[in-house]
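J.: The structure that follows is given in the form of C-alpha cells.
Residue numbers (this note's numbering): 182 to 665.
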C-alpha cells in the first residue's frame with residue numbers, strides 16, 4: 182500500500198507540474214447532444230478552480246432535449262457533474278479541447294444510466310463511468326451497507342476496493358488514442374475513488390456507537406495508513422471528492438471522535454470550525470474553513486442571522502492566510518446583508534414580471550391594494566409539495582375575498598417539471614415560474630419553501646411568514662392584515 186501511495190503522489194505531482202509549465206493556446210470545451218424526457222430545461226455545469234470557485238455554465242435544453250454548449254470556462258482537465266434540481270449526471274470528464282456528444286433518456290435514474298452514451302474527443306476518459314453504469318444496472322444492488330455486521334461490512338468494503346481498482350486500471354492504464362488527458366483523468370479518478378471509499382469507511386462506526394478507540398482502530402485497520410497520516414496534501418485539492426471529504430465528512434468524523442471521548446460536548450458549526458482550525462494544515466485547512474463558512478452564509482434566512490454569523494466568523498476569517506478566501510467571504514457577507522436590507526419589513530417588495538402556466542404575464546405591482554401571500558417553491562422540493570394540501574384549505578377560506586391574492590412562484594425549476602407538478606397537485610390559485618431567477622435573486626432566496634406576506638401598499642410585512650400548515654396561526658395573521 183505504501184508503494185501505491187508513493188507512486189500516486191509522484192504521478193499526480195509530475196502531471197500537475199507538466200500542466201502548470203505548459204502554455205498551449207486556449208481551446209474551448211464543447212458538449213452537445215440530447216437528453217430526452219429530461220424534467221428540466223436548464224442544467225448547470227460548474228468547473229472548479231483551486232479555490233472551489235471557478236465558473237458555471239448552463240446547458241439549455243430545447244423541447245426535444247437537444248443542447249449545444251461551447252465554452253472557454255474549462256481552464257484545466259477535471260471531473261464535474263451535470264446538475265439539475267432533481268436530475269444529475271455524475272462524473273463527466275471535461276478538459277480544454279474536448280468535444281463530447283452526450284445522449285441519454287431520462288425516465289428515471291435506471292434508464293438514464295442504461296441509455297447514457299458519450300462519444301467524441303474525450304470519450305476515452307469517460308469510458309470508466311459508462312462501464313460503471315453498465316455494471317450497476319446489472320447488479321441493481323440495494324444493500325444498506327451500514328446495517329451490515331462489521332465483518333460483512335469489511336468484506337464488502339475490500340471487495341469494492343478491488344473492484345474499483347481493477348475497473349480504473351482497465352479504463353485508464355492504456356495508451357490513449359485521441360485523448361491527451363487520459364492518464365491525468367486516471368489519477369483524478371483514483372483520488373476521487375480513494376476519498377469516496379474513506380468517507381464510506383469513517384461513516385460506518387457512527388451507526389454502531391463504537392467508542393473512541395474502536396472507531397479509530399476500525400479506520401486504521403482497514404485503510405492505507407500512509408494516506409491517513411498525510412491526508413492534508415495540497416495536490417489532492419485537484420480532486421472534487423477530496424474537497425467534499427475535507428469539507429463535509431472529515432470535520433463531522435473528527436468532532437464525532439470528540440463526542441465519543443466526552444458525551445457532554447455539544448457539536449455545532451463552531452466546534453467543526455475549531456477542529457478544522459486546529460487539526461488541518463496547508464491549503465486544505467484554508468479550503469475547508471472557507472467551505473464551512475460560505476455554506477453557512479448561503480443558508481442564512483435573516484439579517485439578524487447574517488450579522489450574528491459575521492461576528493462569529495470574524496476571528497476565523499482574520500486568521501486565513503489566503504487573501505482570496507478573505508475577500509470572497511467578506512464579499513458574500515456584504516451581498517447577503519445588502520439583499521436582506523432590500524427585503525426588510527416595511528420595504529417595498531421587489532417587483533417581478535412572470536408568466537403563468539398558460540402564458541399570461543403578471544406583475545407584483547398589479548396587486549397593489551390587496552394583501553399578497555407569496556409562496557416560493559419548486560416541483561422537486563418535497564417539503565414544498567407537502568404544503569399543497571394545507572394551502573388548498575387555506576385558499577378555500579379566502580377564495581371569495583377580493584382583498585387578498587395568493588401567488589405561488591416556482592423557483593430554480595424546469596418548465597416541464599413545473600407543469601407536470603401543477604397537473605398532479607391541481608392548485609386553484611395563481612401559479613408563476615421564475616425562469617431567469619429574478620425572484621430568487623431579488624428575494625435573497627435561501628431554503629424553500631418560503632412564504633412572504635406583502636401589505637396592500639406593496640410593502641413587506643413578514644419575510645418569514647408561517648406556512649399554510651401552521652393552520653390558525655396563518656389564518657389569524659392574514660385576517661389581521663386584511664383588516665388594516
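Think of the CB as a built atom: it goes at the ideal place given N, C-alpha and C, for glycine as much as any other residue.
Are there 16 or more other CB atoms within 10 angstroms of the CB of residue 445, so buried, or fewer, so exposed?
T.: Position 264 of the chain shown, counting from 1, holds the residue named residue 445. With fewer than 16 Cβ atoms within 10 Å of its Cβ, residue 445 is classed as exposed.
J.: Can you give me the C-alpha to C-alpha distance between residue 338 and residue 450, rounded to a whole angstrom?
T.: Mapped onto the chain shown, residue 338 falls at position 157. Mapped onto the chain shown, residue 450 falls at position 269. Their Cα atoms are separated by approximately 30 Å.
J.: With C-beta atoms as the reference, is residue 217 less than 8 Å away from residue 286?
T.: Start at 1 with the first residue of the chain shown, and residue 217 comes out as number 36. Start at 1 with the first residue of the chain shown, and residue 286 comes out as number 105. Yes, these two residues count as a Cβ contact at 8 Å.
J.: Could you tell me which of 552, 276, 523 sits nearest to residue 620, measuring between CA atoms?
T.: Start at 1 with the first residue of the chain shown, and residue 620 comes out as number 439. The shortest C-alpha separation from residue 620 is found at 523.
J.: From the DSSP output, in three-state form, read off residue 228 for me.
T.: As a first step, residue 228 is located in the chain shown; it is residue number 47 there, counting from the start. Three-state result, residue 228: strand.
J.: From the DSSP output, in three-state form, read off residue 414 for me.
T.: For the purposes of this step, residue 414 is identified with residue 233 of the chain shown, where counting begins at 1. Residue 414: coil per DSSP, three-state reduction.
J.: Let me see if you follow: with CB-CB separation under 8 Å, is residue 613 close to chain C or not?
T.: This model lacks chain C altogether; it includes just one protein chain.
J.: Identify the continuous alpha helix (DSSP H) that holds residue 623 and give its terminal residues.
T.: Start at 1 with the first residue of the chain shown, and residue 623 comes out as number 442. Where residue 623 is concerned, the enclosing alpha helix (DSSP H) stretches over 619–623.
J.: DSSP puts residue 214 in a beta bridge; with which residues?
T.: Taking the chain shown and counting its residues from 1, one reaches residue 214 at position 33. DSSP lists 248, 283 as partners of residue 214.
J.: Between residue 464 and the rest of its own chain, which residues show a CB-CB distance below 7 Å, the 5 nearest in sequence each way excluded?
T.: Stepping through the chain shown from its first residue, residue 464 is reached at position 283. 415, 418, listed in sequence order.
J.: Which residue marks the beginning of the alpha helix (DSSP H) containing residue 643, and which one marks its end?
T.: As a position in the chain shown, residue 643 is number 462, starting the count at 1. Careful: residue 643 lies outside any alpha helix (DSSP H), inside the beta strand (DSSP E) at 641–643.
J.: Do residue 510 and residue 471 have their beta-carbon atoms positioned less than 8 Å apart in this structure?
T.: Position 290 of the chain shown, counting from 1, holds the residue named residue 471. Position 329 of the chain shown, counting from 1, holds the residue named residue 510. Yes, the Cβ-Cβ distance between residue 471 and residue 510 is below 8 Å.
J.: Buried or exposed, going by whether 16 or more other CB atoms sit within 10 Å of the CB of residue 542?
T.: Here residue 542 refers to the residue found at position 361 when the chain shown is read from its first residue. So residue 542 counts as exposed.
J.: Pull up the distance between the alpha-carbon of residue 278 and that of residue 359, whole angstroms please.
T.: Locating residue 278 in the chain shown gives position 97, where the first residue counts as 1. Locating residue 359 in the chain shown gives position 178, where the first residue counts as 1. Going by the C-alpha atoms only, they are around 11 Å apart.
J.: Go ahead and pull the three-state DSSP assignment for residue 243.
T.: Looking up residue 243 in the chain shown gives position 62. Correct three-state label for residue 243: coil.
J.: Going along the chain, which unbroken runs of the alpha helix (DSSP H) with 4 or more residues stay wholly within the stretch 491–526?
T.: Listed in chain order, the complete alpha helix (DSSP H) runs (minimum 4 residues) inside the stretch 491–526 are 504–523.
J.: Relative to the C-alpha of residue 660, which candidate in 295, 639, 634 has its C-alpha closest?
T.: For the purposes of this step, residue 660 is taken as residue 479 along the chain shown, with counting starting at 1. Residue 660 has its Cα closest to that of 634, out of 295, 639, 634.
J.: Quick check: residue 236 and residue 223, are their CB atoms within less than 8 Å of each other?
T.: The residue labelled residue 236 in the question sits at position 55 within the chain shown. The residue labelled residue 223 in the question sits at position 42 within the chain shown. Taking 8 Å as the Cβ cut-off, residue 236 and residue 223 do not qualify as a contacting pair.
J.: Out of 403, 405, 386, 402, point me to the one whose CA is closest to residue 396's CA.
T.: Numbered from 1 along the chain shown, position 215 holds the residue referred to as residue 396. For residue 396, the nearest C-alpha among the options comes from 386.
J.: In chain order, what residues of the same chain have a beta carbon less than 7 Å from the beta carbon of residue 612, not counting five sequence neighbours either side?
T.: Translated into positions along the chain shown, residue 612 becomes position 431. So the qualifying residues of the chain are 537, 538, 589, 603.
J.: Where residue 467 and residue 502 are concerned, what is the direct C-alpha to C-alpha distance, given to the nearest angstrom?
T.: Sequence index remark: in the chain shown, residue 467 carries index 286 (1-based). Sequence index remark: in the chain shown, residue 502 carries index 321 (1-based). Answer to the nearest angstrom: the Cα atoms are 8 Å apart.
J.: Strictly by DSSP, which residues pair up with residue 665?
T.: By 1-based counting over the chain shown, the position of residue 665 is 484. Paired residues: none, contrary to the question.
J.: Would you kindly work out how many angstroms separate the C-alpha atoms of residue 703 and residue 478, rounded to a whole number?
T.: Beyond the ends of the chain as shown, which are 182 and 665, falls residue 703; an answer cannot be given.
J.: Going by C-alpha distance, which of 375, 354, 378 is nearest residue 367?
T.: Numbered from its first residue, the chain shown carries residue 367 at position 186. For the residues 375, 354, 378, the minimum Cα distance to residue 367 belongs to 354.
J.: Look at residue 569 and residue 608 and say whether their C-beta atoms are less than 8 Å apart.
T.: Numbered from 1 along the chain shown, position 388 holds the residue referred to as residue 569. Numbered from 1 along the chain shown, position 427 holds the residue referred to as residue 608. Contact flag set, yes.
J.: Enumerated in chain order, which unbroken segments of the alpha helix (DSSP H) with a length of 4 residues or greater are wholly contained in the stretch 254–333?
T.: Segments of the alpha helix (DSSP H) lying fully in the stretch 254–333: 290–296, 308–320.
J.: Apart from the five residues just before and just after residue 439, which ones in its own chain have a Cβ nearer than 6 Å to its Cβ?
T.: Locating residue 439 in the chain shown gives position 258, where the first residue counts as 1. Here the set comprises 446.
J.: Between the C-alpha atoms of residue 655 and residue 631, what's the straight-line distance to the nearest angstrom?
T.: Within the chain shown, the letter at position 474 stands for residue 655. Within the chain shown, the letter at position 450 stands for residue 631. So the alpha carbons of these two residues sit roughly 13 Å apart.
J.: Quick check: residue 552 and residue 584, are their CB atoms within less than 8 Å of each other?
T.: Here residue 552 refers to the residue found at position 371 of the chain shown. Here residue 584 refers to the residue found at position 403 of the chain shown. Taking 8 Å as the Cβ cut-off, residue 552 and residue 584 qualify as a contacting pair.
J.: Would you report the Cα separation of residue 299 and residue 599, rounded to the nearest angstrom?
T.: What you label residue 299 is simply residue 118 of the chain shown in a count that begins at 1. What you label residue 599 is simply residue 418 of the chain shown in a count that begins at 1. Their backbone Cα atoms lie some 29 Å apart in a straight line.
J.: According to DSSP, is residue 478 part of a helix, a strand, or is it coil?
T.: Reading the chain shown from its first residue, position 297 is the one you call residue 478. Three-state result, residue 478: helix.
J.: With a 10 Å radius around its C-beta and 16 neighbouring C-beta atoms as the bar for buried, classify residue 657 as buried or exposed.
T.: Taking the chain shown and counting its residues from 1, one reaches residue 657 at position 476. Label assigned to residue 657: exposed.
J.: Less than 8 Å between the beta carbons of residue 480 and residue 627, yes or no?
T.: The residue labelled residue 480 in the question sits at position 299 within the chain shown. The residue labelled residue 627 in the question sits at position 446 within the chain shown. Contact: yes.
J.: Do residue 629 and residue 557 have their beta-carbon atoms positioned less than 8 Å apart in this structure?
T.: Counting from one through the chain shown, the residue named residue 557 turns up at place 376. Counting from one through the chain shown, the residue named residue 629 turns up at place 448. Yes, the Cβ-Cβ distance between residue 557 and residue 629 is below 8 Å.
J.: With DSSP as the reference, identify every bridge partner of residue 374, one or two as the case may be.
T.: Taking the chain shown and counting its residues from 1, one reaches residue 374 at position 193. Beta-bridge pairing links residue 374 to no other residue.
J.: Which residue or residues does DSSP assign as beta-bridge partners of residue 548?
T.: As a working mapping, residue 548 is identified with position 367 in the chain shown. According to DSSP, residue 548 bridges with nothing at all.
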